[in-house]
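For the sequence shown, our numbering gives the first residue as 4, with consecutive numbering after it.
The beta carbon of each residue, even a glycine, is placed where N, CA and C say it ideally should be.
This report concerns only the one structure given below.
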Amino acid sequence: MKKIITFSLIAFVNLGIVSCSSSQNMFDSTKASSDKIISTLNNTSWVLKRLDSQNRDFIPTDEQKELVLSFNDNGYGTSDGCNGQGGEFNVKDNMISFEKGMSTMRYCGDEMKHLIYSVPFGKVKSIKVKKEQLQLFDENNVPVATYIKKK
C-alpha cells in the first residue's frame with residue numbers, strides 16, 4: 004500500500020510539472036525549425052495590440068476597430084489603418100522575413116495620422132508566440148510589434 008501511495012504521489016508531481024511547462028505554451032522562432040515556424044503561423048490571424056517600435060498602444064476607434072495580421076499559405080496580409088499590404092513570409096535558419104508583395108497606395112494625409120500604425124515588417128527577424136500573443140522582433144531582439152490571436 005505504501006508503494007502505491009508513493010508511486011501515485013510521484014506520478015502526480017510529474018504530471019503537475021509537465022502541465023505547468025506546457026501551460027507556458029511558448030514558441031520561439033530562434034529555437035524552432037523552419038517548418039515549425041511556418042506551420043505555427045499558417046492559417047492564423049492576429050490583432051495589433053501594440054506598436055512597440057513607437058511605444059504606442061493600438062487604440063480602436065469607430066473608423067478602425069482593429070488591425071489584423073493574417074497568415075495563409077506562406078503569405079501574409081495586413082493593414083496599417085490606411086493602406087493594406089501583403090506578400091510572402093520566408094523562414095531560413097530559424098529566422099523570419101516578410102517580403103513586401105502588394106500594397107495599396109491610398110493617400111493618407113495628416114487627418115488620418117492618428118489611425119496609422121505602420122509596422123516595420125522589413126526589420127522583423129524573429130517571432131515569439133506565448134499563449135495567445137505574437138511578438139515580432141528586430142535583429143537586436145527588440146520588440147517591433149505585439150499582436151493578440153484573433154478569435
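Rounded C-alpha distance that separates residue i from residue j
i	j	result
residue 147	residue 126	8 angstroms
residue 108	residue 78	20 angstroms
residue 132	residue 51	14 angstroms
residue 85	residue 61	14 angstroms
residue 41	residue 138	15 angstroms
residue 44	residue 118	26 angstroms
residue 149	residue 81	14 angstroms
residue 76	residue 39	14 angstroms
residue 110	residue 56	23 angstroms
residue 140	residue 130	6 angstroms
Identity of the residues DSSP links to residue i by a beta bridge
i	result
residue 93	100
residue 75	78
residue 151	50 and 136
residue 106	88
residue 131	31 and 138
Member of the options whose CA lies at the smallest distance from the CA of residue i
i	options	result
residue 151	48, 34 and 43	48
residue 74	67, 63, 120 and 90	90
residue 121	38, 53 and 83	83
residue 102	111, 88 and 53	88
residue 124	65, 142, 96 and 118	142
residue 134	115, 70 and 154	154
Rounded distance between the beta-carbons of residue j and residue i, thought under 8 angstroms
i	j	result
residue 98	residue 128	5 angstroms
Cβ-based burial, residue i [other Cβ within 10 Å; buried from 16]
i	result
residue 64	exposed
residue 145	exposed
residue 36	exposed
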